[in-house]
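Asker: Once you've had a glance at the structure underneath, I'll fire off some questions.
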Amino acid sequence: MFRIDGYIDGLIDRLKVSFGERLIYVGLQGSYLRNEETADSDIDIMAVIDDLSVADLKTYQDALVLAGNFDKSCGFICGKADLEHWNPLEICHLLNTTKDYYGELKELVPVYTDEDEKNYIKLSLNNLYHEICHRFIHADRETNISKLPMTCKTVFFIMQHLYFIRSGKFVSTKRELLECVQGEDKEVLELSVSLQNGADYDFEKAFSTVFVWCQNALRGI
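So the sequence shown is numbered by UniProt numbering: it starts at 1 and just counts up by one.
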């Protein structure tokens, strides 16, 4: 049976051999962190290497291959100095959706403000709104039907941040968040979860629900 903690411990050992003291950080993100993984889930790892080079990317890839399950490997790698200059809009999300396994992420990232967090939500809503509208107009019906479920995957992440700025609490899992949100937010999150689970759905109704929610959420920030 695959065990994520054992996998990460083994990967860290390999990265220490490959990078020595240049290995700054390793963390876990994604469905394995949220205990929502399935047999098809990616293994979502974050790694920070001091003075990262192009050659280091190949070295990191080799370590992932040796760690096993490379076909499911995923994640985020960056240099230490690069992370120090990262866009502050993404820092709240990064800190709240990453579990430290080696090093402390909070010591490596720039500070962020409440305004950064609001702008992150606006940008995420903008991207979702634009994507569904563009595809509605420029793609055929079957493409729209097949693509909307994957697009709506971002609803959960946006909802996490909307709830955070309203309550001060960052909720990590879909199950917990469904218990916290109400009204239109709950309806859209339930729809998103249903679509992720492959349920049949009424495209016109689902599209309208997400479209109107995007509009209202943007106006409410």
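Backbone N, C-alpha and C fix where the C-beta goes; we use that ideal spot for every residue, glycine too.
Keep in mind the model is a prediction, meaning the values are calculated, not measured.
1. Compare the C-alpha of G103 against each of S208, E115, K80 and name the closest.
2. Quick check on this structure: which residue in Q182, I8, Q160, I165 has the alpha carbon closest to the alpha carbon of T173?
3. Just to confirm my understanding: we take residue 229, look at its own chain, exclude 5 residues before and 5 after, and list those with CB closer than 8 Å. What are they?
4. So L162 is in the alpha helix (DSSP H); what residue range does that whole segment cover?
5. Is D13 helix, strand or coil by DSSP?
6. For D51, which of helix, strand or coil comes out of DSSP?
7. With 16 other CB atoms within 10 Å as the buried threshold, where does F19 fall?
8. Could you give the distance in angstroms between the alpha-carbon of I121 and the alpha-carbon of E21?
9. Quick one: Cα of Q180 to Cα of V188, how far?
10. Would you give the residue range spanned by the beta strand (DSSP E) that F76 belongs to?
11. With a CB to CB cut of under 6 Å and the five nearest residues on each side skipped, what residues in its chain are close to P88?
12. Between the alpha carbons of Y7 and Q196, how many angstroms are there, rounded?
13. Spell out the partners DSSP gives D44 in its beta bridges.
14. Sort N35, E131, E84 by Cα distance to residue 248 and report the nearest one.
15. Taking the continuous alpha helix (DSSP H) assigned at residue 243, which residues delimit it?
16. Of the residues D100, Y163, E90, Y60, which one's Cα is nearest the Cα of D5?
17. Following the continuous alpha helix (DSSP H) through D185, name the residue where it begins and the one where it ends.
18. Just curious, the beta strand (DSSP E) that K99 is in, first and last residue?
19. For S192 and C152, which I take to be in contact (beta-carbon distance under 8 Å), what is that distance rounded to the nearest angstrom?
20. In this structure, how does DSSP classify I91 when only helix, strand and coil are distinguished?
Answerer: With the structure as the only source:
1. Within the sequence shown, numbered from 1, the residue matching residue 103 stands at position 103. Distance check between G103 and each of S208, E115, K80 places K80 closest, using alpha-carbon atoms only.
2. One-based indexing of the sequence shown puts residue 173 at position 173. Here the closest residue by C-alpha is Q160.
3. As displayed, the chain neither begins before 1 nor continues past 221, which places residue 229 out of reach and without an answer.
4. For the purposes of this step, residue 162 is identified with residue 162 of the sequence shown, where counting begins at 1. Unbroken alpha helix (DSSP H) run through L162: 153-167.
5. For the purposes of this step, residue 13 is taken as the residue at position 13 of the sequence shown. Look at D13 here: in three-state DSSP terms it is helix.
6. Reading the sequence shown from its first residue, position 51 is the one you call residue 51. Judged by DSSP in its simplified three-state form, D51 adopts coil rather than helix or strand.
7. Within the sequence shown, numbered from 1, the residue matching residue 19 stands at position 19. By the C-beta density criterion, F19 is buried, having at least 16 other C-beta atoms within 10 angstroms.
8. Walking along the sequence shown from the start, residue 121 turns up at place 121. Walking along the sequence shown from the start, residue 21 turns up at place 21. C-alpha separation (whole angstroms): 36 Å.
9. Along the sequence shown, one-based indexing puts residue 180 at 180. Along the sequence shown, one-based indexing puts residue 188 at 188. The question names Gln, but residue 180 in the sequence shown is Cys. Those two C-alpha atoms are separated by around 13 Å.
10. Numbered from its first residue, the sequence shown carries residue 76 at position 76. Element bounds for F76: 73-79.
11. Counted from its first residue, the sequence shown places residue 88 at position 88. Excluding positions up to five away in sequence, the list reads P110, Y112, D116.
12. For the purposes of this step, residue 7 is taken as the residue at position 7 of the sequence shown. For the purposes of this step, residue 196 is taken as the residue at position 196 of the sequence shown. Between the alpha carbons of Y7 and Q196 lies a distance of about 26 Å.
13. The sequence position of residue 44 within the sequence shown is 44, counting from 1. Paired residues: Q29, C74.
14. No answer is possible for residue 248: it lies beyond the span of the chain, which begins at 1 and ends at 221.
15. Residue 243 lies beyond the stretch modelled for the chain, which goes from 1 to 221, so this question has no answer here.
16. Along the sequence shown, read from residue 1 onward, the residue named residue 5 stands at position 5. Nearest in C-alpha terms to D5, of all of D100, Y163, E90, Y60, is D100.
17. Position 185 of the sequence shown, counted from the start, is the residue given in the question as residue 185. Segment 183-196, the alpha helix (DSSP H) holding D185.
18. Counting from one through the sequence shown, the residue named residue 99 turns up at place 99. In the DSSP assignment, K99 falls within the unbroken beta strand (DSSP E) covering 99-102.
19. The residue you call residue 192 lines up with position 192 of the sequence shown. The residue you call residue 152 lines up with position 152 of the sequence shown. About 4 Å separates the beta carbon of S192 from that of C152, a gap short enough to meet the 8 Å contact definition.
20. To locate residue 91, count along the sequence shown from 1; it is residue 91. In the structure shown, the three-state DSSP call for I91 is helix.
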